[in-house]
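Participant: So that you can map any letter, position 104 of the sequence shown is 105 in the numbering used here, and since no number is skipped, the others follow by simple counting. Glycine residues also receive a C-beta, built at the ideal position from the N, C-alpha and C atoms.
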Amino acid sequence: VAIGLFQAMALIPGVSRSGSTISAGLLGGMSREKAARFSFLLGAPAMFGAGLWTYLGEVRATANVYVEAGGDPISISYFPFDVLTFVVGFVVSAVVGLVTVWGLMKFLKKYSLKVFALYLFLIGVVTVLGIEVF
2 VAIGLFQAMA
12 LIPGVSRSGS
22 TISAGLLGGM
32 SREKAARFSF
42 LLGAPAMFGA
52 GLWTYLGEVR
62 ATANVYVEAG
72 GDPISISYFP
82 FDVLTFVVGF
92 VVSAVVGLVT
102 VWGLMKFLKK
112 YSLKVFALYL
122 FLIGVVTVLG
132 IEVF
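(1) Tell me the DSSP secondary structure of residue 46 in three-state form.
(2) Just the C-alpha distance for residue 118 and residue 21, rounded to the nearest angstrom, thanks.
(3) Going by DSSP in three states, residue 121 sits in which element: helix, strand or coil?
(4) Look up residue 136 in the DSSP assignment and say whether it is helix, strand or coil.
(5) The alpha helix (DSSP H) with residue 4 in it runs from where to where?
(6) Measuring only between beta-carbons, confirm whether residue 13 sits less than 7 Å from chain C.
(7) Determine the direct distance from the alpha carbon of residue 23 to that of residue 53, and round the result to whole angstroms.
(8) Could you tell me whether the Cβ atoms of residue 4 and residue 25 are closer together than 7 Å?
(9) Looking only at its own chain, which residues have a Cβ that is under 6 Å from the Cβ of residue 33, when we skip the five neighbours before and after it?
(10) I'd like the list of long-range same chain contacts for residue 27, defined as Cβ closer than 6 Å, with 5 residues on each side in sequence excluded.
(11) With 16 other CB atoms within 10 Å as the buried threshold, where does residue 18 fall?
(12) By Cβ distance below 6 Å, which residues in the same chain neighbour residue 16 in space, the five residues on each side in sequence not counted?
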């Protein structure tokens, strides 16, 4: 339940879903590898839901434009984008995602997450200084 609450924090802009759930797992006593594996498994339904939400928004937007142009709402397409582009994008993103998860899991077997904490701290400092300068 605690990891799910940490996942909900990702609704805040700039908060990493996987980062917050891995952190929750570590705070709960899980190993780095188990926390990361659980985080990625927990992310699958969230990503599916986000994709479905985006798809339904596209269908709704397409229907509105079509009806405003005088078209019949019954005859609209419920796949408002090119199928080949969708399939290629899906396959490429799935392969890149799996390779990235595999690499992170391999990394976490040997190293801690301190590297990511330092990286994010430095990015935060640069961002704050950038906002102050401009």
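Facilitator: This is what the structure gives:
(1) For the purposes of this step, residue 46 is taken as the residue at position 45 of the sequence shown. Three-state result, residue 46: helix.
(2) Within the sequence shown, numbered from 1, the residue matching residue 118 stands at position 117. Within the sequence shown, numbered from 1, the residue matching residue 21 stands at position 20. Straight-line Cα distance between these residues: approximately 12 Å.
(3) Residue 121 sits at position 120 when you count from the first residue of the sequence shown. Here residue 121 sits in helix by DSSP.
(4) Nothing can be reported for residue 136, as the shown portion of the chain is limited to 2 through 135.
(5) Stepping through the sequence shown from its first residue, residue 4 is reached at position 3. Membership of residue 4 in the alpha helix (DSSP H) is indicated by the continuous run 3-9.
(6) The chain inventory of the structure shown lacks chain C, comprising one protein chain alone.
(7) Looking up residue 53 in the sequence shown gives position 52. Looking up residue 23 in the sequence shown gives position 22. The alpha-carbon atoms of residue 53 and residue 23 are separated by roughly 25 Å.
(8) Working through the sequence shown from its first residue, we reach residue 4 at position 3. Working through the sequence shown from its first residue, we reach residue 25 at position 24. Going by C-beta atoms, residue 4 is nearer than 7 Å to residue 25.
(9) As a first step, residue 33 must be located in the sequence shown, where it is residue number 32. Excluding residues within five positions, the ones whose Cβ falls inside 6 Å are 109.
(10) The sequence position of residue 27 within the sequence shown is 26, counting from 1. Correct list, in chain order: 36.
(11) For this step, residue 18 is matched to residue 17 along the sequence shown. Looking at its Cβ environment, which holds 16 or more other Cβ atoms inside 10 Å, residue 18 is buried.
(12) Residue numbering aside, residue 16 sits at position 15 when the sequence shown is read from its first letter. Closer than 6 Å at Cβ, skipping near neighbours: 10.
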